[in-house]
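A quick write-up on the structure given underneath.
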Amino acid sequence: MIGWRSTWSIYKRELMRFLRTAFQSVLAPVLTTSLYFIVFGAAIGGRMPDLGGVDYGAFIIPGLLMLTLLGETTSNSSFGIYMPRFTGTIYELLSAPVGVAETLIGFVGAAMTKSLILAAIILVTARLFVDYSIAYPLLAMFYIMLVAAAFSLFGFILGIWADNFEKLGIIPMLFLTPLTFLGGTFYSIDMLPEPWDKIALANPIVYLVSGLRWTFYGSSDVNIWISFGITLAFLAACTAVIAYIFKTGWRLRA
Numbered sequence: 001m002i003g004w005r006s007t008w009s010i011y012k013r014e015l016m017r018f019l020r021t022a023f024q025s026v027l028a029p030v031l032t033t034s035l036y037f038i039v040f041g042a043a044i045g046g047r048m049p050d051l052g053g054v055d056y057g058a059f060i061i062p063g064l065l066m067l068t069l070l071g072e073t074t075s076n077s078s079f080g081i082y083m084p085r086f087t088g089t090i091y092e093l094l095s096a097p098v099g100v101a102e103t104l105i106g107f108v109g110a111a112m113t114k115s116l117i118l119a120a121i122i123l124v125t126a127r128l129f130v131d132y133s134i135a136y137p138l139l140a141m142f143y144i145m146l147v148a149a150a151f152s153l154f155g156f157i158l159g160i161w162a163d164n165f166e167k168l169g170i171i172p173m174l175f176l177t178p179l180t181f182l183g184g185t186f187y188s189i190d191m192l193p194e195p196w197d198k199i200a201l202a203n204p205i206v207y208l209v210s211g212l213r214w215t216f217y218g219s220s221d222v223n224i225w226i227s228f229g230i231t232l233a234f235l236a237a238c239t240a241v242i243a244y245i246f247k248t249g250w251r252l253r254a
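full-length UniProt numbering puts the first residue of the sequence shown at 1, with every later residue one more than the last.
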């Protein structure tokens with residue numbers, strides 16, 4: 001049975017850490033999103049044709065949302081579990097009567113909450129620059145939560161794997177961010193010449209961006225069910241890895 005008091009304590013502690021740096025955590029994504037809209041939406045967007053009947057400025061909103069969501073979710077979750085290992089306070093958690101479920105729900109739930117707050121702020125910021133509407137708002141919310149959960153678990157794994165701050169940032173900076181930029185954030189895969197349109201489909205982030213874009217506008221480069229399937233498969237894989245970590249104690253005490 002899940003001990004909700006333990007879960008709430010972990011969740012609240014992690015959320016308070018986010019709130020203590022709220023100015024930096026919120027201001028940076030807002031400024032970055034605003035700059036993207038100024039450069040791509042206003043300067044370049046006026047010269048771009050509508051993509052699938054969607055104005056270019058509105059077209060890039062799901063991609064920008066995914067760009068921030070993946071980076072912030074992974075970083076928040078990885079930093080949240082890495083710091084207790086770095087400072088040694090992980091032993092307090094391991095010696096306490098707290099189960100795997102409570103630990104995961106606390107850390108991952110807090111990372112998801114932070115990401116959902118940022119997603120809401122980005123959508124509000126986008127409204128200042130572009131007039132847009134969401135075709136399937138409930139499905140969009142569910143998909144955002146699904147992606148946030150998957151990458152919170154991925155960040156949790158990254159925070160356990162990393163044994164220094166350099167490793168903590170190498171995956172988001174050298175792999176996640178470039179793949180997101182190349183994943184159709186600012187363009188449609190259909191715009192690419194052959195064979196690059198086929199090669200782009202090897203990028204898993206393409207399916208995440210396309211899935212979110214479908215919930216916004218009802219059209220995307222990839223079938224929505226393929227996007228959902230890949231997201232669920234990634235979520236299941238991360239869950240399996242974390243189950244192994246807690247079963248074996250791998251690097252929890254490193």
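Beta carbons are placed, not taken as given, at the ideal position from N, Cα and C, and that holds for glycine.
Just list the residues that DSSP pairs residue i with in beta bridges.
i	result
VAL124	Looking at the DSSP assignment, VAL124 forms no beta bridge with any residue, so it has no partner.
Kindly give me the distance between the Cβ atoms of residue i and residue j, rounded to whole angstroms, as I take these residues to be in contact under 8 Å.
i	j	result
PHE79	LEU146	Incorrect: roughly 22 Å between the Cβ atoms, too far for contact.
THR32	ALA135	That belief does not hold up - the Cβ atoms of THR32 and ALA135 are roughly 26 Å apart, past 8 Å.
ASN76	ALA111	4 Å
GLY71	LEU176	6 Å
SER148	LEU116	The identity of residue 148 in the sequence shown is Ala, whereas the question assumes Ser. Confirmed, about 6 Å.
Using the three-state DSSP reduction, which class does residue i fall into: helix, strand or coil?
i	result
VAL26	helix
VAL54	strand
PHE40	helix
ASP197	helix
LEU179	helix
SER133	coil
LEU235	helix
VAL147	helix
ALA254	With a pLDDT of only 49 at ALA254, under 50, the local geometry of the prediction cannot be trusted, and the value read off the model is given with reservation. Three-state DSSP puts ALA254 in coil, outside helix and strand.
PHE79	helix
LEU65	helix
LEU192	coil
TYR187	coil
ILE60	coil
ALA162	coil
So, is residue i buried or exposed, given that buried needs 16 or more other C-beta atoms within 10 angstroms?
i	result
residue 262	Past the boundaries of the shown model lies residue 262; the chain is included only from 1 to 254, so the question cannot be answered.
LYS12	exposed
LYS114	buried
GLY155	buried
MET66	buried
ASP221	buried
THR21	exposed
GLY53	exposed
TYR56	buried
VAL124	exposed
Does the beta-carbon of residue i, which I'm using as the reference point, lie nearer than 7 Å to any heavy atom of the ligand ADP?
i	result
ALA202	Annotation note on the ligand ADP: not contained in the displayed structure, which lists no ligands.
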